[in-house]
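Order-wise, the sequence lines are chains F and V. Position one of the first sequence corresponds to residue 1 (the working numbering), numbered consecutively onward. Position one of the second sequence corresponds to residue 1 (the working numbering), numbered consecutively onward. Each remark here refers to the structure printed beneath this line.
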Amino acid sequence: KQEVTQIPAALSVPEGENLVLNCSFTDSAIYNLQWFRQDPGKGLTSLLLIQSSQREQTSGRLNASLDKSSGRSTLYIAASQPGDSATYLCAVSGNNRKLIWGLGTSLAVNP
Amino acid sequence: GAGVSQTPSNKVTEKGKYVELRCDPISGHTALYWYRQSLGQGPEFLIYFQGTGAADDSGLPNDRFFAVRPEGSVSTLKIQRTERGDSAVYLCASSLVGEGETQYFGPGTRLLVL
Chain F
1 KQEVTQIPAA LSVPEGENLV LNCSFTDSAI YNLQWFRQDP GKGLTSLLLI QSSQREQTSG
61 RLNASLDKSS GRSTLYIAAS QPGDSATYLC AVSGNNRKLI WGLGTSLAVN P
Chain V
1 GAGVSQTPSN KVTEKGKYVE LRCDPISGHT ALYWYRQSLG QGPEFLIYFQ GTGAADDSGL
61 PNDRFFAVRP EGSVSTLKIQ RTERGDSAVY LCASSLVGEG ETQYFGPGTR LLVL
């Protein structure tokens with residue numbers, strides 16, 4: 001059974017810091033991995049999707065890597081801003097397409 | 001519309017009542033997913049449609065939950081004899097089928113069963 005773990009559960013950093021969020025999964029037979037952002041009381045915003053054949057994806061200040069064999073992904077946020085404050089969720093899908101989720105990392109970027 | 005829409009945004013009902021939650025996916029997306037999220041938890045998969053048919057309904061918690069997508073577009077999640085434990089945010093997502101398959105989420109319906 002696939003299980004997804006995210007570390008740390010919460011993170012508080014000063015503005016401008018580069019930071020890394022970690023996601024691990026137990027079954028390496030994944031179809032893809034997605035990183036999402038969730039703001040309080042809001043829906044989920046897709047940030048990056050990495051297909052199982054890829055090793056990383058970049059969008060602006062965000063970079064996500066995937067090491068399928070070790071069951072790990074990292075989300076790197078460069079030059080963090082207060083507007084980056086949110087919960088970041090990692091989810092993996094298998095061939096059945098349903099997403100299995102971690103509990104998220106709650107990020108606070110302080111001005 | 002440009003994104004996935006869900007109605008109602010909030011629903012308060014009494015224990016034992018029937019509720020319907022609606023999802024309008026992104027136009028042209030053949031895959032549609034329902035998840036639910038309890039406070040402080042990650043979303044939990046409920047059901048996945050490919051076109052009109054349920055490709056995977058293994059996440060539905062019991063037979064009080066049912067979902068339909070009769071024309072392959074709009075979907076309705078139906079909950080009979082609601083219980084307080086059904087209170088959660090119900091999320092709908094849609095995707096294309098093919099390379100990558102990013103799931104795009106709606107804002108959710110917040111269900112509160114009193």
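Heads up, the beta-carbon is just placed ideally off N, CA and C, and yes, glycines get one too. Quantities reported herein were computed from a predicted structural model and do not represent experimental measurements.
query, result
"Contacts of residue 49/F in chain A (Cβ-Cβ under 9 Å)", "No chain A appears in the structure shown, which is made up of the protein chains F and V."
"Among 89/F, 94/F, 99/F, nearest to residue 40/F - alpha-carbon criterion", "89/F"
"Integer-rounded CB distance, given that residue 101/V should sit under 8 Å from residue 95/V", "5 Å"
"With 16 other Cβ atoms within 10 Å as the buried cut-off, status of residue 18/V", "exposed"
"Of the residues 113/V, 32/V, 75/V, 47/V, the one placed nearest residue 83/V, counting alpha carbons only", "113/V"
"Three-state secondary structure (DSSP) of residue 72/F", "strand"
"Proximal residues of chain F, C-beta to C-beta of residue 33/V below 9 Å", "97, 98, 99"
"Top-ranked residue by Cα proximity to residue 50/V, from 61/V, 38/V, 97/V, 37/V", "97/V"
"Where the beta strand (DSSP E) through residue 52/F begins and ends", "Here residue 52/F belongs to no beta strand (DSSP E), and DSSP marks it neither H nor E."
"Rounded Cβ spacing between residue 91/V and residue 35/V (contact assumed at less than 8 Å)", "5 Å"
"Cβ-based contacts, 8 Å cut-off: residues of the segment 14-43 of chain F near chain V", "31, 32, 34, 36, 42, 43"
"Residue 32/F - containing beta strand (DSSP E), residue span", "32-38"
"One or two residues paired with residue 36/V in a DSSP bridge", "44/V, 90/V"
"Three-state secondary structure assigned by DSSP to residue 56/V", "strand"
"Contact the segment 97-111 of chain F vs the segment 8-22 of chain F: 3+ CB pairs below 8 Å", "yes"
"CB contact check: residue 66/F to chain V, cutoff 8 Å", "no"
"Own chain partners of residue 56/V with C-beta closer than 6 Å, once the 5 adjacent residues on each side are dropped", "48"
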